[in-house]
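2 protein chains.
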Amino acid sequence: MAQVIADRRDIDFVLHEQLEVGNLSKSSKFAEFTKKTVDLIINEARNLAVKELLPLNKVGDEEGCKFEAGKVIVPESFQRVYDLFCEGEWLAMTEDPQWGGQGMPRTVALAASDYFNGANYPFIMYPGLTHGAGKLVESFGTDEQKKIFLKNMYTGKWTGTMLLTEPEAGSDVGALATTAVRNDDGTYSISGNKIFISSGEHDMVENIIHPVLARIEGAPEGTRGISLFLVPKFRVNKDGSLGEFNDVVCTGIEHKMGIHGNATCSLTLGGKGNCIGTLLGEENKGMKAMFLMMNEARALVGQQGFGCASASYLNALNYARQRVQGKHLLKMMDADAPNVPIIQHPDVRRMLIKMKSLIEGMRSLIYYHGNLDDLKNITDNADEKAKYQGMMELLTPIIKGYITDRAFDVCSEGIQVYGGYGFISEYPQEQLLRDCKITQIYEGTNGIQAMDLLGRKLGMNKGKPVMDLLGEMNKTIAAAKEAGLDDFAADFQAVVNKLGEVGMHMGTTAMSPKVLNAFAFAHPFMEVTGDVAVAWMLLWRASIAAQNMEKAKKKDQVFYEGQLKSAEYFIKAVLPVTLGKMNAILNNNGAAIDISEDAFGGK
Amino acid sequence: MAQVIADRRDIDFVLHEQLEVGNLSKSSKFAEFTKKTVDLIINEARNLAVKELLPLNKVGDEEGCKFEAGKVIVPESFQRVYDLFCEGEWLAMTEDPQWGGQGMPRTVALAASDYFNGANYPFIMYPGLTHGAGKLVESFGTDEQKKIFLKNMYTGKWTGTMLLTEPEAGSDVGALATTAVRNDDGTYSISGNKIFISSGEHDMVENIIHPVLARIEGAPEGTRGISLFLVPKFRVNKDGSLGEFNDVVCTGIEHKMGIHGNATCSLTLGGKGNCIGTLLGEENKGMKAMFLMMNEARALVGQQGFGCASASYLNALNYARQRVQGKHLLKMMDADAPNVPIIQHPDVRRMLIKMKSLIEGMRSLIYYHGNLDDLKNITDNADEKAKYQGMMELLTPIIKGYITDRAFDVCSEGIQVYGGYGFISEYPQEQLLRDCKITQIYEGTNGIQAMDLLGRKLGMNKGKPVMDLLGEMNKTIAAAKEAGLDDFAADFQAVVNKLGEVGMHMGTTAMSPKVLNAFAFAHPFMEVTGDVAVAWMLLWRASIAAQNMEKAKKKDQVFYEGQLKSAEYFIKAVLPVTLGKMNAILNNNGAAIDISEDAFGGK
């Protein structure tokens, strides 16, 4: 059975019918990205993903990365596909062509990435992290740093990483112990130990560029004293040629539950010789620089989780259509009734429509989040710019935290649909679940995302982004009524109103002596906010479907029917549960906080 | 950090304070199982589990089973521990001493198994399946079959399996194609291919006894024509010595997500020579025999999932107490505030109390289910016997389906508490999740369990078991009020009443033209029933805690505080969500059923 990745019809729907991405070409910035060009880009991305990336997914899982004599060896077949990916200029789709990017709208890049991440995201992490590291150089680098590093990174000649975590500094980045000592020539000698470094060492390219968080001698404790440095594996001469080894030593790789194709490295800097770095940005402003990158990095993780879920859904759907097992429920007593494909069984349909509605709502939400960035980039209106930026930041923890949580659920159901075969490595489903799991953890655990939503985003700019978001939801409600979906609109309106109430409750509780209770419900709060956001996207989709149904071709009508059913399922069978979750939040129960440490037991 | 398995104080609480298992010794059947004896048994089980089984868990996962030249080789260290387990007479704890059992109450055996399953359930599957196969021989075998096989199985000299599944007959057992041809001497020649056979082949014992489902030539199609046969790997002579190889050939083992220590085999019977079996029970009554065993087999799977969850919780708790990361939330702005163990962070506490309350509720439910069997076995009153049997059957899909679903959730949270370390194979958490996953699938997927609850158990005996169960819950409500827990009792009462309403709705819908809608909500119905059952157990526990708090020793008071907090959390923060799920069920939405197959997309 052929593996599948993402539903092209659905991608096109979001791009062209929901977000009307072709309109971006009216701006000078995106003038060349007409609908036709966009479609060609997605075609190319799909081809590369299906033909080249997808077949490597199992190879990466089974062969994994090997650590031998300080070197990391990736599966042999990775090299060719890495080169193809870079030749196709997919590494820095949204970036400035001056530096090797393609200047593409983020919305379009996300659609292309839908295929890449769904096909083989452990592999895509090599170029993906390179892009993120390059973005740091572009945003904070001196002209010289950019000249030396940037194009080589955006074209994939060199790869990049991100060195934050240390054994005693995980979620608490501020506890890091890596030090930087200023040399006479203005460079710094870095020393420390970093762990969990994705793509930290490998043999696909000649150099690896590490942005490193470290503390300059004498700098304050905590996050206020952290600076960002650029540390190449091999030093780079002024003419761009490679110099000597920079004492970035890989001391081992992790054996882990999933993403075996990506090397998770422990790195020692300056352990034996001299590890030289240059300051990236200002002294002691390293955390600020990281935070500026975080929207993008966290959104990327949301896409990774989503990619696993999208593939898991389509695999399950294919399997359910082909696997014949048991009679139809209405013909159980008829001895002569034939066995049927399991898609005809009610419980399998329940799993499939649950997966479908989540996939569709989450895809829209991811593209919408990217689209806000595009809209921000093409408007000259400062208020609009601020509005788009605010909504984007507000939605980031939802994209990362909520979507990866739900993606994991979808991958789990994707195994259940396969029954026993779902547990067997011969089939793709169990790997997708294992790979998906880390997306709930890295780039800030989902608990951290929930704290970000409650602690930073909810009250940001006196709540304006929240009000803006609720305002957009109300526009969708009006559109739904116009499309004749009054029943769905009314149900959704009630949930939006209640979300407002819950948000107010959380905001005031977080400012009260009951602040700990509030944070014990930060994660449930993220969950209900995400539920409402997905319902919003599905209602929006259904409104378009209802409006266009009559005049559509038969094949489109079937797709639109699917849109109406996804919305119906989510609104009628999921939102009642969301309301229950909101009631639990409003209860504001303190058991989790009040219980003494010893009473948790286990001693 | 030492790994842990199960909380002894909690086990003792359920055994002695909640179920008062010592009272069973008032019966002649269990006279020797006084409280003191019970405690000694649990001590021994714990010792064996902690010292011998637990250290092999990672070995089993990493070494796994090897398939070489038709033979399956288990990790070398398994043999010694298997022998120790059998010497300790743990294989058939509840069975008749005449056949090598220990005649132990099931409740006590479950407490011992709590340690075994939590320590290393992939290993325990070898003796566990042997016990199940032996039980079939005991229940349906002729005197001769018992004489030849039973004691050798219950003592673990030979192991057993269960040969049901075939490539085209998974959930639909009735589709199986294995045939049996009667020979002149009354034996049968069996031929067919079986897959997914746990412990199907290995090198720890000299013989393996396979109960096999097959169809006798000329028998009806479907489940009505299935018979059960006893097929040894090596034939057994009348004097008990081993005869020639019986042509049960292992053709391969599966590579799978978890339970690597247990060999999942494909077996071909009668492919080359002659595979001889003897009829076990009556012709064409094979499915009936299997169903009689199902309560026990399914409950065992619930325990396996629970074992993973119990270990995952205690590991997470230990980790949260020791891992220092970040400042206390109330001192975030204080630069001099020390970093604290993560158990002090609200979101970590939320995860821990969620895990704790589920573990405790599920442990009580599992023991309660076993206790019903004990109570049934010691009463002479036919009505009581029927009552206990009915409630046990009603709860079986909850024990298997609901508990393994929640166990998987707990294992997933258990990874989150560890952060990045949770994903690393050096730590126990990721294996527990992988091992846990199959418990949602085998012995009937959880979708099948939900259908069993709705289709068979809800209306069984005109709903008497349901009424009995609700009656028991009402007794607990009365006891809670007596203990001064009026608030909890009132909340729980409302949910029990609503469960009655939902049950009625499901029952009538399942008998109406909307039957497909009903079955599309079978799984949510199982979920809410399970939630209520867990809340019931927690309220019961809390009532005991409240009653005994004042006079208790300090250490017990802390434990009782934990009981009150678990109940409070579940009632105040989980049951509102359960009510939301019930509202979703009552909506009875048909989107999952009405959507056309094509509208699921993906084409």
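Residue numbers (the numbering used here), protein chains in the order written: chain X, 1 to 603; chain Y, 604 to 1206. C-beta atoms are modelled at their ideal positions from N, C-alpha and C, and glycine is treated no differently. Please read all numbers here as calculations on a predicted model, not as lab measurements.
Partner residues in a beta bridge of Ala-335 (chain X), as assigned by DSSP, do not exist. Of all residues in the stretch 447 to 459 of chain X, only Gly-447, Ala-450 and Met-451 place a beta-carbon less than 7 Å from a beta-carbon of chain Y. Residue pairing by DSSP places Ser-198 (chain X) opposite X:Thr-264 in a beta bridge. The C-beta of Glu-254 (chain X) comes closer than 9 Å to at least one C-beta of chain Y.
The beta carbon of Phe-229 (chain X) does not come within 9 Å of any beta carbon belonging to chain Y, so the residue lies off that interface. Using a CB distance cut-off of 9 Å, Pro-949 (chain Y) counts as an interface residue toward chain X. In the three-state scheme derived from DSSP, where H, G and I count as helix and E and B as strand, Glu-244 (chain X) is classed as strand. Between Val-1118 (chain Y) and Pro-97 (chain X), the alpha-carbon positions lie close to 60 Å from each other.
If you look at Phe-85 (chain X), you'll find it in the alpha helix (DSSP H) that goes 78 to 87.
Here Phe-123 (chain X) is buried. Its C-beta has 16 or more other C-beta atoms within 10 Å. By the 16-neighbour rule on beta-carbons within 10 angstroms, Ser-742 (chain Y) is exposed. DSSP, reduced to helix, strand and coil, places Val-4 (chain X) outside both helices and strands of the structure shown, so it counts as coil. For Glu-95 (chain X), no Cβ of chain Y is located within less than 9 Å of the residue's own Cβ.
Among the residues of chain Y, those whose CB is under 9 Å from the CB of Thr-445 (chain X) are Asp-950, Gln-1019, Gly-1022 and Gly-1023, following chain order.
Here Lys-1154 (chain Y) is exposed, its C-beta having fewer than 16 other C-beta atoms within 10 Å. Per DSSP, the continuous beta strand (DSSP E) segment holding Gly-929 (chain Y) begins and ends at 927 to 930.
Residue pairing by DSSP places Thr-881 (chain Y) opposite Y:Leu-833 in a beta bridge. Residue contact with chain X for Lys-836 (chain Y): absent (no Cβ-Cβ distance below 9 Å to any residue of chain X). Beta-bridge analysis with DSSP links Asn-193 (chain X) to X:Thr-268. Taking 9 Å as the CB threshold, Asn-117 (chain X) stays off the interface with chain Y. In the three-state scheme derived from DSSP, where H, G and I count as helix and E and B as strand, Phe-670 (chain Y) is classed as strand. With its beta carbon at least 9 Å from every one in chain X, Asp-1090 (chain Y) lies outside the interface.
The beta-carbon of Gly-580 (chain X) is placed less than 9 Å from the nearest beta-carbon of chain Y.
Here DSSP, grouped into helix, strand and coil, assigns Pro-428 (chain X) to coil.
According to DSSP, Val-410 (chain X) shares a beta bridge with no other residue. Contact annotation: in the stretch 1117 to 1135 of chain Y, residues whose CB is within less than 9 Å of a CB in chain X are Val-1118, Leu-1119, Asn-1120, Ala-1121, Phe-1122, Ala-1123, Phe-1124, Ala-1125, His-1126 and Pro-1127. In the structure shown, Pro-814 (chain Y) falls within a strand segment according to DSSP collapsed to helix, strand and coil. Judged by DSSP in its simplified three-state form, Leu-314 (chain X) adopts helix. Within its own chain, the residues whose Cβ lies closer than 6 Å to the Cβ of Ala-479 (chain X), once the five positions on either side in sequence are excluded, are Ser-543, listed in chain order. When the beta-carbon positions are compared, Leu-538 (chain X) and Gly-361 (chain X) come within less than 9 Å of each other. Annotated as distal: Thr-159 (chain X) and Tyr-121 (chain X), with beta-carbon spacing of 9 Å or more. DSSP places Leu-767 (chain Y) outside both helix and strand once states are collapsed to three, so it counts as coil. Spanning the alpha carbons of Phe-1173 (chain Y) and Lys-1003 (chain Y) requires a straight line of approximately 21 Å. Shown here for Ala-299 (chain X): same chain residues with a beta carbon closer than 8 Å to its own, the five before and five after excluded, namely Ile-366, His-369, Gly-370, Thr-396, Ile-399 and Lys-400 in chain order. Taking 4 residues as the shortest admissible run, the stretch 1047 to 1125 of chain Y contains the following complete alpha helix (DSSP H) segments, listed from N- to C-terminal end: 1049 to 1054, 1067 to 1085, 1089 to 1113 and 1118 to 1123. Nearest CB-CB separation between Tyr-1172 (chain Y) and chain X: below the 9 Å threshold.
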